[in-house]
Every structure is written in structure tokens, then in C-alpha cells.
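So the protein lines, in turn, are chains R and W.
Counting from 1, position 347 in the first sequence corresponds to residue 347 in full-length UniProt numbering; the numbering is continuous, with no gaps.
Counting from 1, position 306 in the second sequence corresponds to residue 306 in full-length UniProt numbering; the numbering is continuous, with no gaps.
Even glycine gets a Cβ: it sits at the ideal position worked out from N, Cα and C.
To start, the structure itself, in C-alpha cells.
Number of protein chains: 2
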Amino acid sequence: MADDSDISAPEAPVRRVRNIAELAGIAGVSAGTVSRALADKPMVNARTRDRIQALARKHGFQVNQMASKLRRQKTGVIAVVIPLGHDRRQHISDPFFMTLLGVLADELTERGYDVMLSRAIPQEDANWLDRVVNSGMVDGVLMIGQSDQFDAIEEVARSYKPLVVWGSNRAGQAHCSVGTDNFLGGRMAAEYLLGKGLRSLVFLGDTTGIEIDERYSGAQAAVAEFGQGARLQHMPIHLSIEEMTDEIGVAMTSLDGNIEGAVCASDAIAMATIRQLHELGVAVPADMAVIGFDDLPLARHSVPQLTTIRQNIASGAAQMVKRLMAKIEGGDADALVMPPELVIRDSA
Amino acid sequence: MADDSDISAPEAPVRRVRNIAELAGIAGVSAGTVSRALADKPMVNARTRDRIQALARKHGFQVNQMASKLRRQKTGVIAVVIPLGHDRRQHISDPFFMTLLGVLADELTERGYDVMLSRAIPQEDANWLDRVVNSGMVDGVLMIGQSDQFDAIEEVARSYKPLVVWGSNRAGQAHCSVGTDNFLGGRMAAEYLLGKGLRSLVFLGDTTGIEIDERYSGAQAAVAEFGQGARLQHMPIHLSIEEMTDEIGVAMTSLDGNIEGAVCASDAIAMATIRQLHELGVAVPADMAVIGFDDLPLARHSVPQLTTIRQNIASGAAQMVKRLMAKIEGGDADALVMPPELVIRDSA
DNA sequence: AGCCGTTCTGCAATCGATTGCAACGTAGTG
DNA sequence: CACTACGTTGCAATCGATTGCAGAACGGCT
Numbered sequence: 001m002a003d004d005s006d007i008s009a010p011e012a013p014v015r016r017v018r019n020i021a022e023l024a025g026i027a028g029v030s031a032g033t034v035s036r037a038l039a040d041k042p043m044v045n046a047r048t049r050d051r052i053q054a055l056a057r058k059h060g061f062q063v064n065q066m067a068s069k070l071r072r073q074k075t076g077v078i079a080v081v082i083p084l085g086h087d088r089r090q091h092i093s094d095p096f097f098m099t100l101l102g103v104l105a106d107e108l109t110e111r112g113y114d115v116m117l118s119r120a121i122p123q124e125d126a127n128w129l130d131r132v133v134n135s136g137m138v139d140g141v142l143m144i145g146q147s148d149q150f151d152a153i154e155e156v157a158r159s160y161k162p163l164v165v166w167g168s169n170r171a172g173q174a175h176c177s178v179g180t181d182n183f184l185g186g187r188m189a190a191e192y193l194l195g196k197g198l199r200s201l202v203f204l205g206d207t208t209g210i211e212i213d214e215r216y217s218g219a220q221a222a223v224a225e226f227g228q229g230a231r232l233q234h235m236p237i238h239l240s241i242e243e244m245t246d247e248i249g250v251a252m253t254s255l256d257g258n259i260e261g262a263v264c265a266s267d268a269i270a271m272a273t274i275r276q277l278h279e280l281g282v283a284v285p286a287d288m289a290v291i292g293f294d295d296l297p298l299a300r301h302s303v304p305q306l307t308t309i310r311q312n313i314a315s316g317a318a319q320m321v322k323r324l325m326a327k328i329e330g331g332d333a334d335a336l337v338m339p340p341e342l343v344i345r346d347s348a
Numbered sequence: 001m002a003d004d005s006d007i008s009a010p011e012a013p014v015r016r017v018r019n020i021a022e023l024a025g026i027a028g029v030s031a032g033t034v035s036r037a038l039a040d041k042p043m044v045n046a047r048t049r050d051r052i053q054a055l056a057r058k059h060g061f062q063v064n065q066m067a068s069k070l071r072r073q074k075t076g077v078i079a080v081v082i083p084l085g086h087d088r089r090q091h092i093s094d095p096f097f098m099t100l101l102g103v104l105a106d107e108l109t110e111r112g113y114d115v116m117l118s119r120a121i122p123q124e125d126a127n128w129l130d131r132v133v134n135s136g137m138v139d140g141v142l143m144i145g146q147s148d149q150f151d152a153i154e155e156v157a158r159s160y161k162p163l164v165v166w167g168s169n170r171a172g173q174a175h176c177s178v179g180t181d182n183f184l185g186g187r188m189a190a191e192y193l194l195g196k197g198l199r200s201l202v203f204l205g206d207t208t209g210i211e212i213d214e215r216y217s218g219a220q221a222a223v224a225e226f227g228q229g230a231r232l233q234h235m236p237i238h239l240s241i242e243e244m245t246d247e248i249g250v251a252m253t254s255l256d257g258n259i260e261g262a263v264c265a266s267d268a269i270a271m272a273t274i275r276q277l278h279e280l281g282v283a284v285p286a287d288m289a290v291i292g293f294d295d296l297p298l299a300r301h302s303v304p305q306l307t308t309i310r311q312n313i314a315s316g317a318a319q320m321v322k323r324l325m326a327k328i329e330g331g332d333a334d335a336l337v338m339p340p341e342l343v344i345r346d347s348a
């Protein structure tokens with residue numbers, strides 16, 4: 001405790017040091033040496049290194065990241081961007097976004113990256129993606145959902161490598177995507193309900209976004225193939241919680257004939273639906289079956305617990321990060337389409 | 001379309017420009033002028049300004065943020081940090097965190113700030129706050145929850161201005177906090193149940209964190225004052241979803257006597273409790289009343305809908321940001337303790 | 001023409017850390 | 001003693017944008 005400050009003035013308490021040069025002055029070495037010492041470079045003498053590190057600790061010194069990143073031309077920051085393309089009122093606090101974001105953040109933090117959160121509204125800002133990609137602020141970009149911006153994303157992906165997107169994979173697309181087979185998922189959901197003997201179904205969800213459109217197509221295909229007078233109506237339900245609830249209420253009372261089962265585009269929609277049905281005195285699953293999509297953690301916490309089509313979000317997030325890392329290092333990465341999984345609980 | 005490139009070589013397509021100097025070369029002006037033109041400084045001729053901006057667009061040029069931020073000594077980035085002090089297994093995807101984070105992100109993005117997400121684990125990294133604060137990466141810090149790190153936060157707050165924390169306010173504390181009157185909230189919850197004639201209550205929540213401890217104290221006070229044989233047991237339930245569910249199951253079967261009402265430390269705990277009770281064949285609220293805390297959006301989506309103590313998260317987030325802005329501009333800001341509000345729905 | 005004032009542009013220093021290269025000191029060897 | 005080799009350290013250029021200050025260009029006025 002008494003052996004580490006032999007140079008500075010006696011009365012100096014613990015003056016805050018703001019840059020390497022100052023610390024170098026105190027340590028009696030050059031700035032370059034301090035930089036190397038703090039970076040644990042092997043070429044600096046072990047004793048000086050320790051001395052400098054101790055001094056840095058004592059004076060509460062941290063290297064200025066801005067300067068460091070500028071010089072090294074890498075930032076250690078990954079942007080997670082959420083495009084609010086269609087449905088601009090969808091809040092960033094959407095439970096699916098937040099769940100995926102949480103897992104991504106954990107994954108990235110563990111690898112020493114910082115996470116920068118970006119909300120993008122394409123209608124208001126034409127080159128939204130460019131802004132993030134070319135800001136010089138990030139080493140890579142993870143995108144949650146394609147919204148209706150498929151072409152814009154393709155455009156950027158052609159010249160910008162470190163980009164991985166959660167969403168659909170179309171044959172021959174340029175950007176690397178990780179996601180679930182939405183068509184199959186939609187089909188599985190509908191088939192499950194049909195298999196339970198239900199014939200009059202409704203799909204709840206706005207099909208402007210690619211992913212949900214595919215889910216709808218899957219459900220349609222299942223119903224068409226099934227035949228036997230099965231039919232599928234469609235109500236576009238928006239994703240913002242505020243709109244959703246009312247729209248579902250309206251939908252439930254305005255639909256044609258007696259609906260037996262609802263295929264919901266997301267767990268959030270499914271939960272809101274169950275709520276509204278409860279309100280209307282319709283019991284789930286006795287009077288109407290409801291099946292969700294996503295299998296968010298909260299699907300297990302609803303009453304009744306949600307039967308849903310599971311996307312493996314945790315593993316998907318890990319795969320996104322893995323692919324991004326590969327791309328940052330100059331490598332390449334293929335798309336990943338994960339199989340959906342039917343999780344049978346109590347709502348259908 | 002044909003009037004903006006009269007200097008460069010004829011065959012040059014749209015070469016990517018990487019820095020101001022290059023663009024200056026193309027435009028035939030100096031770097032300084034380009035910088036000023038792109039920043040819309042009034043002192044540059046309107047015609048040159050437009051020409052330069054057009055050129056920048058055409059070549060897909062964006063100023064390097066790292067360099068800009070270094071020079072200007074401000075970053076335009078706010079860190080949102082989540083201390084996982086006690087209860088390290090609590091996931092960053094905790095619904096309360098995520099909800100508050102979502103609103104904060106919206107609020108900050110609107111003001112032109114970027115949001116940097118930081119998960120901090122004090123046990124593993126002693127100077128966790130210092131790392132963020134002194135990295136030179138952010139203009140300010142918003143913290144979600146105090147966890148058990150009150151003293152560490154105080155320490156930093158004494159010398160670091162732009163810091164605002166969601167959490168409790170103790171008399172004379174140095175850091176600026178925004179939060180709810182947790183003691184009063186806990187008291188209101190218990191009083192409400194007592195008022196319904198329930199006498200045997202349990203508080204579900206781990207009191208290591210300050211906020212929850214205060215809620216518990218409030219509930220205790222209410223029960224003590226009420227007298228008449230009312231009593232309050234306590235089960236520490238952790239905040240991570242995985243642990244929570246099992247612990248609640250155990251709690252419900254191991255408690256002393258016939259419990260009539262549960263005061264939960266959070267909505268997440270309340271929902272998990274309702275689930276477990278449902279499993280055990282205990283009807284809510286008929287057999288047992290359950291009251292939550294927070295009033296997260298999902299409180300309205302549970303079945304039965306949650307009766308809960310509302311924290312005004314949206315307004316709280318706005319206030320946090322407002323105070324942070326004031327501090328960044330060198331001003332000062334007082335703490336805010338918001339009154340909790342009893343929201344009566346169906347679970348109690 | 002000469003002078004002043006205004007408006008615009010260029011020059012060069014600056015932010016703070018990093019790193020290739022040169023130079024230093026010391027020890028070891030012939 | 002001279003010379004090489006190695007291990008350290010210092011020097012100075014560099015990353016890219018910003019900005020105070022000086023100076024150029026131009027118009028207007030006497």
C-alpha cells in the first residue's frame with residue numbers, strides 16, 4: 001500500500017487522470033509504453049507493466065474508447081436494429097423483440113461486445129439501414145425481423161458483410177438470415193386444429209410482414225389440402241398492444257359463422273385473444289381453441305397455458321451471433337431455417 | 001441529375017468515399033468546408049452546401065462517428081445499465097427490465113440519442129459502474145434498479161453527474177432517483193387484502209434488493225397496524241423465471257396454515273403464482289387472492305386479469321430522461337418519488 | 001482606384017490512443 | 001574491446017472530423 005507512489009508530489013491526493021499522456025508523465029515513461037502496458041502487450045517489461053497498471057487503477061484511469069476505436073478501426077459494438085416498417089405504432093417493447101433482444105444481449109455481452117439498440121422507422125428515414133451500417137459506430141448489425149423491408153435489406157447486404165437478420169429465407173436471397181420455417185409452422189398450427197375436428201378457423205394477424213404472411217400461407221395450404229368443408233377466414237390484427245386488443249374484440253364479434261379455432265400469428269395475439277374471449281364469455285379451449293406462435297416465456301404463464309408453435313429463440317439468437325462473428329472475421333455464413341415445433345398445452 | 005458531377009473523371013461510377021478529405025477532393029473544396037456543409041453550418045454558401053450534400057448522398061458518405069465524437073468530446077450515446085447484483089441468475093430479459101428499457105429507448109431515440117445496453121454483474125466485476133461511466137463511450141447513464149448496490153452507486157454519483165437511477169430514494173442520498181413509493185405500495189396492497197376480510201397473508205419476494213424490501217416493510221406495517229389477528233408470512237422468491245416457478249410451487253404447499261391472500265413483489269411473481277395455484281386446483285381469487293406489483297402491460301393479459309399496484313413506468317421513464325438531459329447540460333435534478341396506484345382487476 | 005466590410009474558404013491544430021520503426025541499454029560472445 | 005543480439009522504450013505518424021483564426025474574394029462606397 002505504501003510502495004507505489006514514489007514520484008508524485010506528497011500532497012497530491014488521487015488526481016483524476018484523463019489521458020494516457022498524463023499517466024505517462026506520472027509514471028515517468030512515454031505514452032506508447034503506457035498504452036502497451038495497459039493492453040498487456042508482452043513486449044513491455046513485467047515490472048513496468050504492473051507499476052503502470054497499478055497507477056492506472058489508483059487514479060481511476062480508463063482509456064478513452066472513442067480514441068482507441070478510431071485508431072484501431074473497430075468498435076467492439078454490435079447494433080441490434082428493429083425495423084418498424086409496416087405497423088409503425090408497434091412499440092419497441094413488443095414482447096417478441098424484447099425476448100430476442102434479451103438473449104442476444106446476453107450472448108454478445110459474454111463475447112465482450114457492447115450492444116447498441118436502434119429503432120428504425122423506414123417511412124421516416126429512407127436510408128435507415130445505411131445510417132447504422134455506415135456510421136462507423138459498429139462492427140456488425142443484427143436485425144430483428146424483416147418487416148416489409150426485404151428489398152432494402154437485400155440492397156445493403158450486397159455490399160455490407162457483417163449483417164445477420166432474424167426472419168425468413170427466400171431462395172437466393174443475399175442477406176444471411178436465421179429464422180423458423182414459418183410456412184411449415186403455420187401449416188402445423190392449422191393441421192393441429194383440423195386434426196382435433198375443428199373446421200371453421202380464423203387466422204389472426206396482419207400479413208404485411210413477410211414472416212406472418214408465410215405463416216398465413218401455411219395455414220391456408222393446410223386447410224386447402226384438408227378439404228372436407230374446412231375453411232379459414234382472415235383478420236389482420238396489428239402488432240401494437242393498444243390496437244391489438246380492440247381489433248380482436250371487433251374481429252371476434254364480426255366474423256362469419258361460428259368460429260371453432262383461431263390460428264394466431266404470435267403469442268401476444270393469442271393471449272390478447274384469450275383475454276377478449278374470456279370477456280365475451282367464450283371459454284378456451286372448450287368453446288374455441290386458440291393456438292399461438294413463438295412460445296415466448298410468457299406463453300407458459302397465461303391461463304390457460306398457451307398451445308403454440310415454438311420458435312427456438314435462444315438457439316436462434318446464439319446462431320445469429322455465431323454467424324455474425326464469422327462474417328466479422330471475413331468468413332461467410334449460410335442461412336439457417338429452424339424447424340418449428342408444436343407445443344401442446346391447454347389453449348388448444 | 002446531370003448537373004452535379006462536373007469535376008470528377010468521366011468513367012468513375014460511384015466510388016465509395018470513406019472520409020471527408022476524399023469527398024473534399026471530389027468537390028474541389030477543403031475538408032473543413034465539407035465538414036461545415038454536412039453539419040449545416042450557416043457560414044457556408046448555400047450553393048456549395050447543397051452541392052456537397054448531394055455529393056455525399058451520391059457517394060453514400062457518412063461522417064465517421066468515432067472521429068467526430070472524439071473531437072467533439074460527446075458521444076450522443078446513453079448507456080442503460082442493468083445491475084444484476086443479488087440474484088445473478090436473473091435474466092436481462094426480465095419483463096420489468098424489458099418494459100422500462102423499451103420505453104426508455106423510445107424516449108431517447110426520439111431525442112436523437114443512441115442507446116447502449118449494458119448488463120453488469122457486480123460480483124464478477126468490482127468496478128462495473130466505473131467501466132461504463134469512464135469508458136468515454138457515453139454521455140450519460142441510466143440505471144434500472146439499484147439491486148443491492150446502493151453504496152457503489154452512491155460512490156460513483158458523488159463525482160459523476162449524468163446518472164439517473166430507477167429505484168428507491170433514501171433521505172439524503174447522492175444519486176438522483178426516479179421511482180415509486182415502494183413502502184406505500186406494499187402497504188396499499190396489504191391493506192386492500194385486509195380490507196376484503198382476508199387475515200392470513202403471505203409476501204412473495206426476495207428482499208435482498210432495496211425496492212422489494214421496502215414493499216415488504218410496507219406490507220408488514222399494514223398488517224401490524226391492522227391487528228385483529230392478521231398475520232403476514234414471507235417467502236423469498238427469486239426473480240429469474242426458472243427459479244421462480246418451482247419456488248412458488250414449494251412455497252404454496254409448505255406455508256403455515258390456510259393462506260388467504262398473496263402480496264407479490266412483482267407482476268411476474270403474481271402471474272407465476274396464479275399459474276401454480278391453478279395447477280394445484282386453487283382458484284384465484286375465490287380460494288386465494290393474489291395482488292401484483294408493477295402493472296406491466298401483461299398484467300392486463302393474464303387470466304384472471306391482475307389486480308396490482310401500478311408504477312407509472314411510462315411517465316417514470318420520461319422523467320428519468322428529462323432529468324438526465326438536465327444533468328448532461330450541467331444543471332441539477334431532484335429525485336422523484338411517484339405515488340403508487342391500486343389497480344383493481346380480477347385476481348384480488 | 002482605393003478602402004472597408006461581409007461572406008466564404010482554407011489552413012493547421014486538436015481530440016486521445018495505437019503502432020511501426022528506430023534507438024537505447026545491457027549482456028553475452030569472440 | 002568490439003560487436004551482435006535481445007529486450008525495452010521512445011518518437012512520431014496515423015485514424016477522421018472539427019473549429020478558431022487568418023486570409024481570400026467580392027461588392028459597394030467615396
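Give the DSSP bridge partners of T253 of chain R, in chain order. The residue you call residue 253 of chain R lines up with position 253 of the first sequence. Within the DSSP bridge table, the entry for T253 of chain R names no partner.
What does a CB cutoff of less than 7 Å around V133 of chain W pick up in its chain, not counting 5 residues either side in sequence? For this step, residue 133 of chain W is matched to residue 133 along the second sequence. V141, V156, Y160.
Would you mind telling me which residues of chain R sit closer than 9 Å to H301 of chain W, beta carbon to beta carbon, in chain order? Here residue 301 of chain W refers to the residue found at position 301 of the second sequence. What H301 of chain W touches in chain R: I241, T245, A268, M271, A272, I274, R275, L298, S302.
Chain R beta carbons: is any one of them nearer than 9 Å to that of M1 of chain W? One-based indexing of the second sequence puts residue 1 of chain W at position 1. Annotation note: pLDDT 38 at M1 of chain W (below 50); position unreliable, no value reported.
C-beta neighbour in chain W for R131 of chain R, strict 9 Å: In the first sequence, residue 131 of chain R corresponds to position 131, counting from 1. Interface flag for R131 of chain R against chain W is set, since a Cβ pair is found closer than 9 Å.
Cβ-based burial, S347 of chain W [other Cβ within 10 Å; buried from 16]: The residue given as residue 347 of chain W occupies position 347 in the second sequence. When all chains shown are included, S347 of chain W counts as buried.
Give a yes or no on contact between the segment 213 to 228 of chain W and the segment 237 to 251 of chain W, applying the rule of three or more CB pairs nearer than 8 Å. No, because fewer than three Cβ pairs between the segment 213 to 228 of chain W and the segment 237 to 251 of chain W fall closer than 8 Å, the two stretches do not touch.
DSSP state of S159 of chain W mapped onto helix, strand, coil: Translated into the one-based positions of the second sequence, residue 159 of chain W becomes position 159. In this structure, S159 of chain W counts as coil in the three-state DSSP scheme.
State the start and end residues of the unbroken alpha helix (DSSP H) segment that holds D106 of chain R. Counted from its first residue, the first sequence places residue 106 of chain R at position 106. Counting along the chain, the alpha helix (DSSP H) containing D106 of chain R begins and ends at 95 to 110.
How about Q65 of chain W: is its C-beta nearer than 9 Å to some C-beta of chain R? Mapped onto the second sequence, residue 65 of chain W falls at position 65. Chain R, which has a Cβ nearer than 9 Å to the Cβ of Q65 of chain W, makes this yes.
If you count every other CB in all the chains shown that lies within 10 Å of the CB of D114 of chain W, and 16 or more means buried, which is it? Here residue 114 of chain W corresponds to residue number 114 of the second sequence, with the count starting at 1. Looking at its Cβ environment, which holds 16 or more other Cβ atoms inside 10 Å, D114 of chain W is buried.
Per DSSP, cross-strand counterpart(s) of I274 of chain W: Position 274 of the second sequence, counted from the first residue, corresponds to residue 274 of chain W. I274 of chain W is not bridged to any residue.
Report the partner residues of S200 of chain W according to the DSSP bridge assignment. Counting from 1 along the second sequence, the entry for residue 200 of chain W is found at position 200. According to DSSP, S200 of chain W bridges with W:R231.
Would you say I121 of chain W touches the ligand ADP, meaning its beta carbon is less than 8 Å from a heavy atom? The model on display carries no ligand, and the ligand ADP is accordingly not part of it.
Quick check on the DSSP output: the beta strand (DSSP E) that includes S35 of chain W runs from which residue to which? Against the second sequence, residue 35 of chain W aligns to sequence position 35. Per DSSP, S35 of chain W is not a residue of any beta strand (DSSP E); the alpha helix (DSSP H) it occupies stretches across 31 to 38.
From A190 of chain W to A219 of chain W, what does the alpha carbon distance come to, in whole angstroms? The residue given as residue 190 of chain W occupies position 190 in the second sequence. The residue given as residue 219 of chain W occupies position 219 in the second sequence. Going from the Cα of A190 of chain W to the Cα of A219 of chain W covers about 5 Å.
Rounded to a whole number of angstroms, what is the C-alpha to C-alpha distance between A326 of chain R and V164 of chain R? Along the first sequence, one-based indexing puts residue 326 of chain R at 326. Along the first sequence, one-based indexing puts residue 164 of chain R at 164. Going from the Cα of A326 of chain R to the Cα of V164 of chain R covers about 11 Å.
Looking at chain W, is there any beta carbon in it that lies within less than 9 Å of the beta carbon of I20 of chain R? Reading the first sequence from its first residue, position 20 is the one you call residue 20 of chain R. No, I20 of chain R lies away from the interface with chain W (no Cβ there is under 9 Å from its Cβ).
If G60 of chain W sits next to R16 of chain W, beta carbons under 8 Å apart, how far is it from one beta carbon to the other, in whole angstroms? In the second sequence, counting from the first residue as 1, residue 60 of chain W sits at position 60. In the second sequence, counting from the first residue as 1, residue 16 of chain W sits at position 16. For G60 of chain W against R16 of chain W, the beta-carbon gap comes to about 6 Å, under 8 Å, which counts as contact.
Would you say L23 of chain R faces chain W, with C-beta separation under 9 Å as the test? For the purposes of this step, residue 23 of chain R is taken as residue 23 along the first sequence, with counting starting at 1. Using a Cβ-Cβ cut-off of 9 Å, L23 of chain R does not count as an interface residue toward chain W, since no Cβ of chain W sits closer than that to its own.
Please list, in chain order, the residues of the segment 158 to 188 of chain W that have any C-beta partner in chain R closer than 9 Å. Result list: S159.
Would you list the residues sitting across from M338 of chain R in a DSSP beta bridge? The residue you call residue 338 of chain R lines up with position 338 of the first sequence. In the DSSP output, where bridge partners are listed per residue, M338 of chain R has R:T180.
Interface residues of chain W facing L70 of chain R [CB-CB closer than 9 Å]: Residue numbering aside, residue 70 of chain R sits at position 70 when the first sequence is read from its first letter. Chain W residues near L70 of chain R: N64, M66, A67, K69, L70.
At a Cβ threshold of 9 Å, is Q305 of chain R touching chain W? Taking the first sequence and counting its residues from 1, the one referred to as residue 305 of chain R is at position 305. Residue-level contact by beta carbon holds for Q305 of chain R and chain W, with a gap shorter than 9 Å.
Can you tell me whether D3 of chain R is helix, strand or coil according to DSSP? Within the first sequence, the letter at position 3 stands for residue 3 of chain R. Interpretation of D3 of chain R is limited by its pLDDT of 41, a score under 50 that renders its predicted location unreliable; no figure is taken from the coordinates.
Taking Cβ positions, are S200 of chain W and N182 of chain W nearer each other than 9 Å? As a position in the second sequence, residue 200 of chain W is number 200, starting the count at 1. As a position in the second sequence, residue 182 of chain W is number 182, starting the count at 1. It is not a contact, given that the beta carbons lie outside the stated cut-off.
What did DSSP end up calling V223 of chain R once you bin it into helix, strand or coil? The sequence position of residue 223 of chain R within the first sequence is 223, counting from 1. If DSSP states are grouped into helix, strand and coil, V223 of chain R belongs with the helices.
Confirm, please, whether the CB-CB distance from V103 of chain W to A262 of chain W is below 9 Å. Locating residue 262 of chain W in the second sequence gives position 262, counting from the first residue. Locating residue 103 of chain W in the second sequence gives position 103, counting from the first residue. Their beta carbons are not under 9 Å apart, which means A262 of chain W does not touch V103 of chain W by this criterion.
At 7 Å on the CB atoms, spell out the chain R contacts of H278 of chain W, in chain order. By one-based count along the second sequence, residue 278 of chain W stands at place 278. Result: V303.
Which whole-angstrom value is the C-beta distance of G185 of chain W and W166 of chain W, which I expect to be below 8 Å? The residue labelled residue 185 of chain W in the question sits at position 185 within the second sequence. The residue labelled residue 166 of chain W in the question sits at position 166 within the second sequence. In fact, because the Cβ distance is near 14 Å, the residues do not count as touching under 8 Å.
Could you check if A37 of chain W is buried or exposed, using at least 16 other CB atoms within 10 Å of its CB as the buried criterion? Here residue 37 of chain W refers to the residue found at position 37 of the second sequence. Residue environment for A37 of chain W: buried (at least 16 other C-beta atoms within 10 angstroms of its C-beta).
By the 10 Å Cβ neighbour count, where 16 or more other Cβ atoms means buried, how is M288 of chain W classified, buried or exposed? Numbered from its first residue, the second sequence carries residue 288 of chain W at position 288. By the neighbour-count rule (16 or more Cβ atoms within 10 Å), M288 of chain W is buried.
Per-residue burial, E329 of chain R [other beta carbons within 10 Å of its own, 16 or more giving buried]: In the first sequence, the residue the question calls residue 329 of chain R occupies position 329. The residue in question, E329 of chain R, is exposed, as its Cβ has fewer than 16 Cβ neighbours within 10 Å.
Take S30 of chain W and list the residues in its own chain whose beta-carbon comes closer than 8 Å to its own, dropping the five residues that flank it on each side. The sequence position of residue 30 of chain W within the second sequence is 30, counting from 1. Only A24 meet the Cβ criterion.
Is there a C-beta anywhere in chain W that falls below 9 Å from the one on M137 of chain R? Position 137 of the first sequence, counting from 1, holds the residue named residue 137 of chain R. M137 of chain R counts as touching chain W.
When we look at the beta-carbon of G227 of chain R and count the other beta-carbons within 10 Å, is it buried (16 or more) or exposed? The count along the first sequence starts at 1 and reaches residue 227 of chain R at position 227. With fewer than 16 other Cβ atoms within 10 Å, it is exposed.
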